[in-house]
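The structure under discussion appears below in the form of structure tokens.
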Amino acid sequence: MEKERILYGTDELLIMSTGLIDRESYQSLYHLYQPVIGVKALALYQTLWSELKPGKMKSNYMSHSALCEMLDYSINELADSLFRLEAIGLVRTYKTKDARLTQYVYQLRVPLAPHTFLNDGLLSSFLFYKVGEVRFKQLQGRFTIDPLPAGIVEVTKDFNEVFDVKGVNQMAFTQKNYEKPDRAKIEINYTFDMDIVKKLTNFPIGFFTKKLDETITKLAYVSQIDEETMAEMLKEYFVHEAYLPLSEQEKRDGCRQMVLQLKKKQTRHRKVKSDETEQAEVGDLHDTTVMEEAHPHQYVSTLRKTPQLSKSDEQLIIEMVDTLGLAPGVINALFYYCIEVKKQTRLSENYVMRIATSWKTAGYLHAGDALEREATQDALIEKKQQKRENVQRTTVGSRRKDKTELPKWLEDDAKEQRSYDQKRKEALESSVPDDAELVKLLNELKEKG
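Taken in order, the sequence shown gives residues -12 to 436; the numbers are from the numbering used here.
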């Protein structure tokens, strides 16, 4: 590490970011960081953020002299403000130098959450020294989250307690059919260790729950993420939210969204792992044994003939694994059924989840059973449809036959009615003057006038 760093106006700099500042970050920045670093350092920090390209996480190269002109700072004032941001943890600086040019990379860091800042011994002590006891207590009160009452119990009504679903589909919601999926145990070979994730994230006690652990484990299986990558993603996504009183459902939804966003910003480790997955051969896609053994990522991407699974397909797989609890083999069979049997290449979420829910209700555990039973049901439905169409054709044919064989007296009345209508039409047409007669009539009226 260098003992002294001198900035020059000709040195170039590039600005990068590790995340985005939200409303809570701004609150922490203005109320907690500003008294410590000062207004000039805060202005520099905000200016660095403003130089990021829209929608990007980095800026163009620029010189220190250009930055000084923007802020109306001298090079020494710029260096002092920058060093304050580095010391407080808001900027990390990297340097490269050759014979021609010196370049810096300034990595912007998101401010700590107020709870984390105030519980840091060094930062809170320095803030106390800067603002005094009265203001420090005011800031503590501003960012203190009142704990929930002791002995609190959830009393939220369940869907079935409020709505009567028995009349909607009696067969689908009979007690016997509805209990089948609960009795069935879905066996998935999970090799994911949540204890490692918890140690690496070091989140507050109470953030992880049993259901959240299950969701994270299933998401790791679907997206093939290891413990280190999952912990890194959790720390980045829940950098502030981990210290807020989020509900369990909000945490689970956040984890799902976090995994789905992984496609936009894949880490190097993730890319290497996806390349290994792409190289793996699946085998005969029509074989139910292959459906049982293949991972949904590998099977569906091969079935789609694409090198990488789309975000919509991954979201469907996550829903079927986490929400419905379908086995991987059944999920592969469902995609095969929709794409190969039903010839539906563009799968909508409603279409797929409607089939997945019916398979969940039927209690399918293996790909072979699911496809065999669905084939039998489709054959019965097609047979009924053909029978219905035959009945409709027979009915329409008999109606046409009855229409041609009318009684003679009725045909005579119809002829007389048509004849009368024709004569009436001709009489009306003859009473209406043509264009020549209309011109003659108008001329006569003008002469009389």
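Heads up, the beta-carbon is just placed ideally off N, CA and C, and yes, glycines get one too.
Please name the residue in 240, 272, 218 whose C-alpha comes closest to that of residue 291. Here the closest residue by C-alpha is 272.
Who does residue 49 pair with in a DSSP beta bridge? The bridge partners DSSP lists for residue 49 are 0.
Check whether the stretch 187 to 198 and the stretch 54 to 66 touch, using three or more Cβ-Cβ pairs below 8 Å as the test. Verdict: no, contact absent.
Whose CA, out of 402, 15, 35, lies closest to the CA of residue 49? Measuring from the Cα of residue 49, the nearest candidate turns out to be 35.
First through last residue of the beta strand (DSSP E) which encompasses residue 78: Here the beta strand (DSSP E) through residue 78 covers 78 to 84.
Would you mind giving the Cβ-Cβ distance between residue 246 and residue 299, rounded to the nearest angstrom? I have them listed as a contact below 8 Å. With a Cβ gap of about 14 Å, residue 246 and residue 299 do not count as contacting.
List the whole-angstrom C-beta distance separating residue 18 from residue 126, where the pair is believed to meet the contact cut-off of C-beta under 8 Å. With a contact defined as Cβ atoms closer than 8 Å, residue 18 and residue 126 qualify at about 6 Å.
Determine the DSSP secondary structure at residue 227, reduced to helix, strand or coil. Taken through DSSP and simplified to helix, strand or coil, residue 227 comes out as coil.
Going by DSSP in three states, residue 168 sits in which element: helix, strand or coil? No answer about residue 168 holds up, because its pLDDT of 41 lies below 50 and its placement is not dependable.
According to DSSP, residues forming a beta bridge with residue 92: Partner residues in the beta bridge of residue 92, as assigned by DSSP, are 1, 81.
Measure the Cβ-Cβ separation of residue 101 and residue 16 and say whether it is below 8 Å. It is not a contact, given that the beta carbons lie outside the stated cut-off.
Assigned secondary structure, residue -7 (DSSP; H/G/I helix, E/B strand, else coil): Here residue -7 carries a coil assignment [DSSP, helix/strand/coil].
DSSP state of residue 310, grouped into three classes? The answer is helix: DSSP assigns residue 310 an H, G or I state.
Outcome for residue 316 when other beta-carbon atoms lying within 10 angstroms are tallied against a minimum of 16: Classified as buried, residue 316 has 16 or more neighbouring CB atoms from the shown chains inside 10 Å of its CB.
Decide if the stretch 268 to 287 is in contact with the stretch 232 to 245; the criterion is three or more beta carbon pairs, one per stretch, under 8 Å apart. Segments in contact, no.
Three or more beta-carbon pairs under 8 Å between the stretch 62 to 80 and the stretch -6 to 1, yes or no? Yes, since at least three Cβ pairs between the stretch 62 to 80 and the stretch -6 to 1 fall closer than 8 Å, the two stretches touch.
Cα-Cα separation, residue 407 to residue 375: Residue 407 and residue 375: Cα-Cα distance of roughly 43 Å.
CB-CB length for residue 336 against residue 303, believed under 8 Å: Confirmed, about 7 Å.
If distances are taken between C-alpha atoms only, which option among 361, 55, 223 comes closest to residue 321? Nearest C-alpha to residue 321: 361.
Own chain partners of residue 224 with C-beta closer than 6 Å, once the 5 adjacent residues on each side are dropped: 245, listed in sequence order.
The alpha helix (DSSP H) enclosing residue 304, as first and last residue numbers: If you look at residue 304, you'll find it in the alpha helix (DSSP H) that goes 298 to 305.
Use the C-beta contact count for residue 7: other C-beta atoms within 10 angstroms, 16 or more gives buried, fewer gives exposed. So residue 7 ends up on the exposed side.
Report the rounded CA-to-CA distance for residue 249 versus residue 373, giving the unit in angstroms. Cα to Cα, the separation comes out at about 48 Å.
Where residue 366 and residue 294 are concerned, what is the direct C-alpha to C-alpha distance, given to the nearest angstrom? Cα atoms of residue 366 and residue 294: separation of roughly 34 Å, rounded to the nearest angstrom.
Own chain, CB closer than 7 Å to residue 278, minus 5 neighbours either side, in chain order: Cβ within range, chain order: 286, 316, 319, 320, 323, 354.
Can we say the stretch 21 to 36 touches the stretch 111 to 125, given the rule of at least three CB pairs closer than 8 Å? The stretch 21 to 36 vs the stretch 111 to 125: in contact.
First and last residue of the alpha helix (DSSP H) that includes residue 284? 283 to 291 is the span of the alpha helix (DSSP H), which, as asked, contains residue 284.
Rounded to whole angstroms, what is the Cα-Cα separation between residue 232 and residue 92? Taking the straight line joining both Cα atoms gives about 36 Å.
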